[in-house]
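For reference, the structure is listed below as structure tokens.
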Amino acid sequence: MPFSLHLPTNHPHPTSCHLPNPKQPTPINQNPIFRRFSAFSSLRTSLDCVSDGRVEKGSSSSSSLPPPPIRLPFLVRTPARVSRFFWTGNCLQVAVSVDGGRAAAASGVDFDDRWLRACGSVVWDFFIPRGVTGNYVEYVKWKLLHRVFSSALQVLATQAMFTAMGVGFSCSLPSAAALNWVLKDGLGRLSRCIYTASLASAFDTNLKRVRFTTSVLFVASIGLELLTPAFPRCFLLLATIANISKQISLACYLATRSAVHQSFAIGDNLGEISAKAQIQTVCFDILGLMLAALVNLWIENHRRQQAGFHYFIYPFFAAMDLFGIYQGLKTVHLQTLTKDRLEIILSTWIECGYVPSPAEVSEKEGINFLGVKGKCLWPIRIGCLNPKDQIPKWSMKTIQCITDEDYYFVCVEIFEGLKRIGKPSILLSIREGAEAVHIIMGMLQACYIRRALLMNNTRWEIIIEESHASDSTMEDWFVIVEDAKKSAERDTSNLIEQMVGKGWMAKNILLSTQEQTRYSFICD
Numbered sequence: 042m043p044f045s046l047h048l049p050t051n052h053p054h055p056t057s058c059h060l061p062n063p064k065q066p067t068p069i070n071q072n073p074i075f076r077r078f079s080a081f082s083s084l085r086t087s088l089d090c091v092s093d094g095r096v097e098k099g100s101s102s103s104s105s106l107p108p109p110p111i112r113l114p115f116l117v118r119t120p121a122r123v124s125r126f127f128w129t130g131n132c133l134q135v136a137v138s139v140d141g142g143r144a145a146a147a148s149g150v151d152f153d154d155r156w157l158r159a160c161g162s163v164v165w166d167f168f169i170p171r172g173v174t175g176n177y178v179e180y181v182k183w184k185l186l187h188r189v190f191s192s193a194l195q196v197l198a199t200q201a202m203f204t205a206m207g208v209g210f211s212c213s214l215p216s217a218a219a220l221n222w223v224l225k226d227g228l229g230r231l232s233r234c235i236y237t238a239s240l241a242s243a244f245d246t247n248l249k250r251v252r253f254t255t256s257v258l259f260v261a262s263i264g265l266e267l268l269t270p271a272f273p274r275c276f277l278l279l280a281t282i283a284n285i286s287k288q289i290s291l292a293c294y295l296a297t298r299s300a301v302h303q304s305f306a307i308g309d310n311l312g313e314i315s316a317k318a319q320i321q322t323v324c325f326d327i328l329g330l331m332l333a334a335l336v337n338l339w340i341e342n343h344r345r346q347q348a349g350f351h352y353f354i355y356p357f358f359a360a361m362d363l364f365g366i367y368q369g370l371k372t373v374h375l376q377t378l379t380k381d382r383l384e385i386i387l388s389t390w391i392e393c394g395y396v397p398s399p400a401e402v403s404e405k406e407g408i409n410f411l412g413v414k415g416k417c418l419w420p421i422r423i424g425c426l427n428p429k430d431q432i433p434k435w436s437m438k439t440i441q442c443i444t445d446e447d448y449y450f451v452c453v454e455i456f457e458g459l460k461r462i463g464k465p466s467i468l469l470s471i472r473e474g475a476e477a478v479h480i481i482m483g484m485l486q487a488c489y490i491r492r493a494l495l496m497n498n499t500r501w502e503i504i505i506e507e508s509h510a511s512d513s514t515m516e517d518w519f520v521i522v523e524d525a526k527k528s529a530e531r532d533t534s535n536l537i538e539q540m541v542g543k544g545w546m547a548k549n550i551l552l553s554t555q556e557q558t559r560y561s562f563i564c565d
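Below you can see the structure in the form of structure tokens.
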């Protein structure tokens, strides 16, 4: 049915399609700005479109043939339709298209196709926020897989725990069951507080690894809950351990959720992305509940196979849950800078001459589930001097030469720990008051030093094994440090500019608790 939309007007008479007569006198005391807008107040926006999308003439009729409408040089896109405006000379008309590319006047699109496209646009707008990066849809896809199987596992685990407590049997003791439930919840929440306080900085510096590790812990806790019917006397012990693991996983999820959402935001629409994430979680969990209901229905119809059936479906559901989480984390491209990401960026800059994008760094960084990522020669560590580690004499000379103008120093240390006994590494120590630009410059100098040492790695390994260094060794070390410092000072401005252009947040460097240790300069 044709319909018309009238713009508000300040005229006392009914709105006309014709513009006001320019010869009509205007009150002298009228505001010039108001006069400017009143000239347009009588425009009539006519949305006289027939059901098939073709534009009809306005309500005004003329005996002569009207001139063809003029297409205005813009269109309005919404998630469900695209509107194109026309000017007939005295009124506006609009053609609406629901297929996103052609006007609704195209006769080749039938009603069912357009209806399906419109419904798809509504569903898309319901789940997906507008201002997000291109990898967000893939993230939601893997989130669907994770939430469905995770929700189904939780339903089956809760059912098993009720069975272990004797719910539904005449011999059950409600007071004892309630006491056990309260004890397991209380201990779980206490462990959640302790875990959150001890790993506060790790949620920023190792977000993916911590998130996936706690997800594995969560799936393992569901396995313990499924064991409670087989060991009812150990219900409190198994349920408490499982609840502690769940609370730790929940604490990690809540702590890292905002950073994951921020990585997908194009503008400052974090609130919209968070709201859509809650909608996705609820809808995906409902699908998981339906899956669990189907499993329980099958068990009721096959009571002979009921015993132990949960233990057969648990490995499959758990594997699908963890697979969805793992693939989803791979689509998260964090733009914040940590020590590891900054090192990947600087190494690529030195070797290839360009700044990698967050997606490239995310692929190289990986999740590093067990924290056993391959160690390179001459690794770089940010922190403070460790008295247990050995500092070569020729490297100690550079520490003695720092001044009040230096915001960091770089030296070589020989790690004396259990994993890398006698292996050399490069230490970057940051001074109090240093900003992000100083940390980037220090890391860049350390990377240049590492490249120079790797070019003659055999010689420097022999020097480290020797107890006494010659004067030539000390001179070569000073040349390497000074050349690396000059290169870092020369490249830092251009490097930061390109990093910002690639989308990196270069105003702050996220460091762990050990890496945040600073030194203070003292002039004796």
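When we follow this note's numbering, the leftmost residue of the sequence shown carries the number 42, and every step to the right adds one. Glycine included, C-beta positions come from ideal geometry on N, C-alpha and C.
Reduced DSSP category for residue i - H, G, I as helix; E, B as strand; rest coil
| i | result |
| --- | --- |
| C442 | coil |
| R171 | coil |
| P108 | coil |
| Q134 | strand |
| I471 | strand |
| S561 | coil |
| K287 | helix |
| P465 | strand |
| F276 | helix |
| A271 | coil |
| T554 | coil |
| K64 | Confidence at K64 is low in this model, with a pLDDT of 41, below 50, so the placement of that residue should be treated as unreliable; the coordinate-derived value is given next. DSSP places K64 in coil when its eight states are reduced to three. |
Classification of residue i by the beta-carbon crowding that lies within 10 angstroms, buried from 16 upward
| i | result |
| --- | --- |
| Y352 | exposed |
| D93 | Because D93 sits at a pLDDT of 40, beneath the cut-off of 50, its placement in the model cannot be relied upon, and the following sentence gives the value as read from the coordinates. Classification of D93: exposed, given that the 10 Å Cβ count is below 16. |
| F259 | buried |
| L552 | buried |
| E179 | exposed |
| S513 | exposed |
| C417 | exposed |
| V520 | exposed |
| S534 | exposed |
| K548 | exposed |
| I563 | exposed |
| Y395 | exposed |
| Q200 | buried |
| Q71 | For Q71, the predicted structure reports a pLDDT of 42, less than 50, and the residue's modelled location is therefore unreliable. A value from the coordinates is still provided. So Q71 counts as exposed. |
| P109 | exposed |
| T499 | exposed |
| C132 | buried |
| A529 | buried |
| T554 | exposed |
| L536 | buried |
Cβ separation of residue i and residue j, assumed to be a contact under 8 Å, to the nearest whole Å
| i | j | result |
| --- | --- | --- |
| M515 | K438 | 6 Å |
| L469 | I503 | Between I503 and L469 the Cβ distance is about 24 Å, and since that is not below 8 Å, they are no contact. |
| G329 | S192 | 3 Å |
| A487 | V541 | Wrong, their Cβ atoms sit about 22 Å apart, outside the cutoff. |
| D447 | E406 | Not really, about 30 Å apart at Cβ, beyond 8 Å. |
| Y489 | R472 | That belief does not hold up - the Cβ atoms of Y489 and R472 are roughly 20 Å apart, past 8 Å. |
| S299 | T255 | Contact doesn't hold; Cβ gap of about 16 Å is too wide. |
| L194 | D362 | 7 Å |
| A198 | F276 | Not quite, the Cβ-Cβ distance comes to about 13 Å (not below 8 Å), so this is no contact. |
| I307 | G172 | 4 Å |
Terminal residues of the beta strand (DSSP E) in which residue i lies
| i | result |
| --- | --- |
| F456 | 449-456 |
| L547 | A small fix is needed here, since residue 547 is Ala in this sequence, not Leu. From DSSP, the beta strand (DSSP E) with A547 extends over 546-551. |
Residue range of the unbroken alpha helix (DSSP H) whose run includes residue i
| i | result |
| --- | --- |
| A529 | 512-542 |
| R422 | Here R422 belongs to no alpha helix (DSSP H); instead the beta strand (DSSP E) covers 421-423. |
| G329 | 311-342 |
| G255 | At residue 255 the sequence reads Thr, which differs from the Gly that was named. Segment 248-268, the alpha helix (DSSP H) holding T255. |
| N498 | 498-506 |
Short CB-CB distance (under 8 Å) between residue i and chain B
| i | result |
| --- | --- |
| T439 | Chain labels in this structure do not include chain B; a single protein chain is all it has. |
List, from N- to C-terminal side, the alpha helix (DSSP H) runs of 4 residues or more that fit wholly inside the region 364-414.
380-393, 399-406
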